[in-house]
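A.B. asks:
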Amino acid sequence: MARLPAAWCGVTGFKPSFGLVPVTGHFPRVGGRGDGRTVIGPMAPRVADVTSILAVISGPDGIDPDCVPIGLGDPRSVRIEDLRVAVVDEPGMWAPAPSTPAAVAQAEIALRIVGATIVDPISPHLDESFDITKRYWQRSELSGSQC
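Just add 46 to wherever you are in the sequence shown, counting from 1, and you've got the working numbering.
1. Measuring alpha carbon to alpha carbon, tell me which of A101, I99 and V69 ends up nearest I86.
2. With DSSP collapsed to three states, give me the class of R92.
3. Based on Cα-Cα distance, which residue from I103, T97, G56 and D128 lies nearest to G71?
4. Could you tell me whether the stretch 127 to 146 touches the stretch 96 to 111, where touching means 3 or more Cβ pairs closer than 8 Å?
5. Is C55 buried or exposed, if buried means 16 or more other CB atoms sit within 10 Å of its CB?
6. Using beta-carbon positions only, say whether G59 and M89 come within less than 8 Å of one another.
7. Are P147 and D128 close, meaning C-beta to C-beta below 8 Å?
8. Around the C-beta of V93, are 16 or more other C-beta atoms found within 10 angstroms, so that it is buried, or is it exposed?
9. Put V165 into one of helix, strand or coil per three-state DSSP.
10. Please report the distance separating the alpha-carbon of T179 from that of V124.
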């Protein structure tokens with residue numbers, strides 16, 4: 047099983063912090079409720095859609111004890127100069143389309159111009175990270191994960 051980033055599939059995806067969206071009904075359950083790698087987040091054609099979906103699915107559902115009642119802030123209140131953005135530009139397991147590196151470079155320049163801080167990625171070793179992720183996903187197959 048391979049999972050690709052949402053953007054590679056033509057949609058916007060958002061992985062919320064653990065505890066923001068209940069994991070009730072997630073299948074296969076590959077970790078306990080306290081396993082922060084198992085989170086549920088919205089995917090949609092546009093960022094505005096993801097924002098609307100997140101507002102609906104976040105917050106306690108009365109079943110998942112790890113989901114906390116934290117209000118979502120207004121995304122329009124985010125100050126670009128307060129953002130720290132990591133840009134990963136090393137080649138990985140898959141080569142991007144020829145237009146992608148140029149688009150990423152343009153986005154990095156635009157973010158710098160409007161005041162965002164560009165930082166080095168914490169772990170630029172995507173191939174190693176993907177291998178760890180694949181083995182984590184296989185846990186459910188090996189253990190016969192149950193709902």
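We put the beta carbon where it would ideally sit given N, CA and C, even for glycine. Please read all numbers here as calculations on a predicted model, not as lab measurements.
C.D. replies: Reading from the atomic positions:
1. V69
2. coil
3. I103
4. no
5. exposed
6. yes
7. no
8. exposed
9. strand
10. 31 Å
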